[in-house]
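**Q** Below is the structure I would like to discuss, written out as structure tokens.
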Amino acid sequence: MYRILRLALLAFVSLLAACASTDVKEKKPFDGPLVWPQPPDQPRFAYETILRSSADVASVSEEASLRAMLTGEEAVSNKPILDKPSAIVARRGRIFVADTGSHSIVVFDVPRRKAFRFGKRTPGNLSKPAGLALDAEMNVYVSDSSLRQVMVYDSLGLFQRAVGGPEELERPTGVAVSRDGERIYVIDRSRNESEQHRVVVYNKEGKKLQIIGSRGGEEGQFNVPTQATVSADGKLYVLDAGNFRVQAFDQDGKFLRSFGGPGKEFGHFARPRGISVDDEGNIYVTDGGFNNFQIFNPNGELLLAIGQGDKESNPGRYGMLSGISVDETGRVYVVDQLFNKVEVIRRLSDSEGQQMLLEESKK
Numbered sequence: 036m037y038r039i040l041r042l043a044l045l046a047f048v049s050l051l052a053a054c055a056s057t058d059v060k061e062k063k064p065f066d067g068p069l070v071w072p073q074p075p076d077q078p079r080f081a082y083e084t085i086l087r088s089s090a091d092v093a094s095v096s097e098e099a100s101l102r103a104m105l106t107g108e109e110a111v112s113n114k115p116i117l118d119k120p121s122a123i124v125a126r127r128g129r130i131f132v133a134d135t136g137s138h139s140i141v142v143f144d145v146p147r148r149k150a151f152r153f154g155k156r157t158p159g160n161l162s163k164p165a166g167l168a169l170d171a172e173m174n175v176y177v178s179d180s181s182l183r184q185v186m187v188y189d190s191l192g193l194f195q196r197a198v199g200g201p202e203e204l205e206r207p208t209g210v211a212v213s214r215d216g217e218r219i220y221v222i223d224r225s226r227n228e229s230e231q232h233r234v235v236v237y238n239k240e241g242k243k244l245q246i247i248g249s250r251g252g253e254e255g256q257f258n259v260p261t262q263a264t265v266s267a268d269g270k271l272y273v274l275d276a277g278n279f280r281v282q283a284f285d286q287d288g289k290f291l292r293s294f295g296g297p298g299k300e301f302g303h304f305a306r307p308r309g310i311s312v313d314d315e316g317n318i319y320v321t322d323g324g325f326n327n328f329q330i331f332n333p334n335g336e337l338l339l340a341i342g343q344g345d346k347e348s349n350p351g352r353y354g355m356l357s358g359i360s361v362d363e364t365g366r367v368y369v370v371d372q373l374f375n376k377v378e379v380i381r382r383l384s385d386s387e388g389q390q391m392l393l394e395e396s397k398k
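Residue numbering for the sequence shown follows the numbering used here, beginning at 36 and increasing consecutively.
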């Protein structure tokens, strides 16, 4: 009898948890598209989930469920933990979000089924985290525009060291790092009136190696650079926001090419905010004006645009897009500052896309 009652209680708790979970997720049916591109084209990407709270990644054990049921305690918090998120980086099931409102880094740790934050303790206190990067060892690099340096932590948030400082950096907004951690690229946006809009390059030990670029609109120059990313083959891609373009450099800082430009058509930018690159070398750029992200091949040719602006939060509908990251599985993580969410979009295999297209044709 006790076992039956215990199972009934657990089922009821699970039902309550499911109901509570829908409070922080999107309501169905969705008004927006769930796959991109839509049929009759073969789908390449599909909406997967939303991350806002610990409940979105946590599992509830039987003991915790029973305790919550009997005591009235909340087993897993579904309270949103993001407060003006900006940059993001993800790998191996860990999603790191620079949360400027809480002056910290929020981590959605999927393998460990928990969410936590770091950057709130001395000596690793953060003030205004603006950019994020990961090396192959899962060390986390955080550019802090108020501290005017890059803070380095291990994957669990333990502070390791600082790179740069007020004597070398004016306003670091972005950071990128080579996979081996040997080159750290800091985007120094500086002040609007300053001529020092540039990329400052450091080695692994924090020694300054070189400066890439200066203020201007020519090849290799920048006007309000904001973020950057490094591809698997070592190419550096800089989001040159004030010039409405992306510039590519080799690992030694030599200019290779640029793409983009101001405009309203796909392939152009209105308010570029975040940049990432996948393992195939495709470049992803979010735009806070269009409220979409565009995917370009390594030559800068447009492949696909995903998303649009809206006053309500639904899959593919955004209020103010900011950071973006693509992990080793091809999943895309986009940050929406207005709706305080991280949206996860999964890359489909050819067989999955063909199956979806086949099922759609049968309707």
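Just so it is clear, CB atoms sit at the ideal spot from N, CA and C, and this is done for glycine as well.
#1: Going by alpha carbons, who is nearest to R206 out of V198, L191, S225?
#2: How is the beta strand (DSSP E) around P329 delimited, first residue to last?
#3: Looking only at its chain, what residues have a beta carbon closer than 8 Å to the beta carbon of R129, apart from the 5 residues adjacent to it on each side?
#4: Is the CB-CB distance between D91 and A150 below 9 Å?
#5: Compute the Euclidean distance between the alpha carbons of K239 and Q286, then round it to the nearest angstrom.
#6: Is the Cβ-Cβ distance between G288 and V221 less than 9 Å?
#7: Buried or exposed: E202, going by 16 or more other Cβ atoms within 10 Å of its Cβ?
#8: Who are A263's beta bridge partners in DSSP?
#9: Between N160, A171, D170, S357, which lies nearest to R183 when the distance is taken from Cα to Cα?
#10: Assuming the contact rule is C-beta atoms closer than 8 Å, L356 and F331 should be a hit. Round their C-beta distance to whole Å, please.
#11: Let me know the secondary structure DSSP gives A90 once reduced to three states.
#12: Could you check where the beta strand (DSSP E) with S348 kicks off and where it finishes?
#13: From which residue to which residue does the alpha helix (DSSP H) around G388 run?
#14: Once the 5 residues before and after G316 are set aside, which same chain residues still bring their CB inside 6 Å of it?
#15: Using three-state DSSP, classify N278 as helix, strand or coil.
#16: Do I359 and T321 have their beta-carbon atoms positioned less than 9 Å apart in this structure?
#17: Out of curiosity, what's the CA-to-CA distance linking L244 and Y237?
#18: Would you identify the three-state DSSP class for Q231, choosing helix, strand or coil?
#19: Is D287 helix, strand or coil by DSSP?
#20: Leaving out five residues on either side along the sequence, give the residues of the same chain with a beta carbon under 6 Å from the beta carbon of D170.
#21: From the DSSP output, in three-state form, read off V145 for me.
#22: If you draw a straight line from the C-alpha of N113 to the C-alpha of F284, how long is it?
#23: In or out: N227 buried (at least 16 other Cβ within 10 Å) or exposed?
#24: Go ahead and label S49 buried or exposed: buried means 16 or more other beta carbons lie within 10 angstroms of its beta carbon, across all protein chains shown.
#25: Excluding the five sequence neighbours on either side, which residues of its own chain have a C-beta within less than 8 Å of the C-beta of Q231, listed in chain order?
#26: For W71, collect the residues of the same chain with a Cβ closer than 6 Å to its Cβ; drop the 5 residues on either side in sequence, then sort them by chain order.
#27: Starting from the C-beta of G200, find all residues in its chain whose C-beta is less than 7 Å away, skip the five residues before and the five after it, and write them out in chain order.
#28: In angstroms, rounded to a whole number, what distance separates the CA positions of G166 and Q77?
#29: Between the Cα of Y272 and those of A122, L392, Q262, spot the shortest distance and give me the residue it belongs to.
#30: Evaluate the contact criterion for the stretch 370 to 379 versus the stretch 117 to 131: three or more CB pairs, one atom per stretch, below 8 Å.
**A** A quick look at the data gives this:
#1: Taking the first residue of the sequence shown as 1, we reach residue 206 at position 171. Checking every option, the nearest Cα to that of R206 belongs to S225.
#2: Your numbering for residue 329 matches position 294 in the sequence shown. This sequence places Gln at residue 329; Pro is not what is there. Per DSSP, Q329 belongs to the beta strand (DSSP E) from 327 to 331.
#3: In the sequence shown, counting from the first residue as 1, residue 129 sits at position 94. Closer than 8 Å at the Cβ level, and outside the excluded window around R129, lie V142, F143, D144, V145, P146, M173, S190.
#4: The residue given as residue 91 occupies position 56 in the sequence shown. The residue given as residue 150 occupies position 115 in the sequence shown. Less than 9 Å separates the beta-carbon of D91 from that of A150.
#5: Residue numbering aside, residue 239 sits at position 204 when the sequence shown is read from its first letter. Residue numbering aside, residue 286 sits at position 251 when the sequence shown is read from its first letter. Each residue's alpha carbon lies about 14 Å from the other.
#6: As a first step, residue 288 is located in the sequence shown; it is residue number 253 there, counting from the start. As a first step, residue 221 is located in the sequence shown; it is residue number 186 there, counting from the start. Result no, Cβ atoms of G288 and V221 do not sit closer than 9 Å.
#7: Translated into positions along the sequence shown, residue 202 becomes position 167. Sixteen is the threshold: since fewer than 16 other Cβ atoms of the shown chains lie within 10 Å of the Cβ of E202, the residue is exposed.
#8: Residue numbering aside, residue 263 sits at position 228 when the sequence shown is read from its first letter. Looking at the DSSP output, A263 bridges to V273.
#9: As a working mapping, residue 183 is identified with position 148 in the sequence shown. The option with the nearest alpha carbon to R183 is N160.
#10: By one-based count along the sequence shown, residue 356 stands at place 321. By one-based count along the sequence shown, residue 331 stands at place 296. About 16 Å separates the beta carbons of L356 and F331, which is beyond the 8 Å limit, so they are not a contact pair.
#11: Residue 90 sits at position 55 when you count from the first residue of the sequence shown. Residue state, collapsed to three classes: helix.
#12: Counting from 1 along the sequence shown, the entry for residue 348 is found at position 313. Segment: none, S348 is in no beta strand (DSSP E) and carries neither H nor E.
#13: On the sequence shown, position 353 is the one that residue 388 refers to. Run containing G388: 385 to 396, per the alpha helix (DSSP H) assignment.
#14: On the sequence shown, residue 316 is found 281 positions in, with the first residue counted as 1. So the qualifying residues of the chain are S266, P333.
#15: Here residue 278 refers to the residue found at position 243 when the sequence shown is read from its first residue. In this structure, DSSP gives N278 a helical state, which the three-state scheme calls helix.
#16: Counted from its first residue, the sequence shown places residue 321 at position 286. Counted from its first residue, the sequence shown places residue 359 at position 324. Taking 9 Å as the Cβ cut-off, T321 and I359 qualify as a contacting pair.
#17: The sequence position of residue 244 within the sequence shown is 209, counting from 1. The sequence position of residue 237 within the sequence shown is 202, counting from 1. C-alpha separation (whole angstroms): 5 Å.
#18: Along the sequence shown, one-based indexing puts residue 231 at 196. DSSP places Q231 in the coil class of the three-state scheme, outside both helix and strand.
#19: For the purposes of this step, residue 287 is identified with residue 252 of the sequence shown, where counting begins at 1. Of the three classes helix, strand and coil, the one that applies to D287 here is coil, per DSSP.
#20: For the purposes of this step, residue 170 is identified with residue 135 of the sequence shown, where counting begins at 1. Taking C-beta separations shorter than 6 Å and ignoring five residues to either side along the sequence, the partners of D170 in its chain run V212, G216, following chain order.
#21: Reading the sequence shown from its first residue, position 110 is the one you call residue 145. It is coil, neither helix nor strand.
#22: Walking along the sequence shown from the start, residue 113 turns up at place 78. Walking along the sequence shown from the start, residue 284 turns up at place 249. Those two C-alpha atoms are separated by around 43 Å.
#23: Taking the first residue of the sequence shown as 1, we reach residue 227 at position 192. Label assigned to N227: exposed.
#24: As a first step, residue 49 is located in the sequence shown; it is residue number 14 there, counting from the start. Note that S49 has pLDDT 39, beneath the 50 cutoff, so the model's placement of it is unreliable and the number below is only indicative. With fewer than 16 other Cβ atoms inside 10 Å of its own Cβ, S49 counts as exposed.
#25: One-based indexing of the sequence shown puts residue 231 at position 196. So the list reads E205, D223, S225, S249, R250, once near-sequence residues are dropped.
#26: Working through the sequence shown from its first residue, we reach residue 71 at position 36. The residues are F80, I341.
#27: Here residue 200 is taken as the residue at index 165 of the sequence shown, counted from 1. Excluding residues within five positions, the ones whose Cβ falls inside 7 Å are R183, Q184.
#28: Start at 1 with the first residue of the sequence shown, and residue 166 comes out as number 131. Start at 1 with the first residue of the sequence shown, and residue 77 comes out as number 42. Looking at the two C-alpha atoms, the distance is approximately 34 Å.
#29: Start at 1 with the first residue of the sequence shown, and residue 272 comes out as number 237. Nearest of A122, L392, Q262 to Y272, Cα basis: Q262.
#30: With a cut-off of 8 Å on Cβ pairs, the stretch 370 to 379 is in contact with the stretch 117 to 131, counting three or more such pairs.
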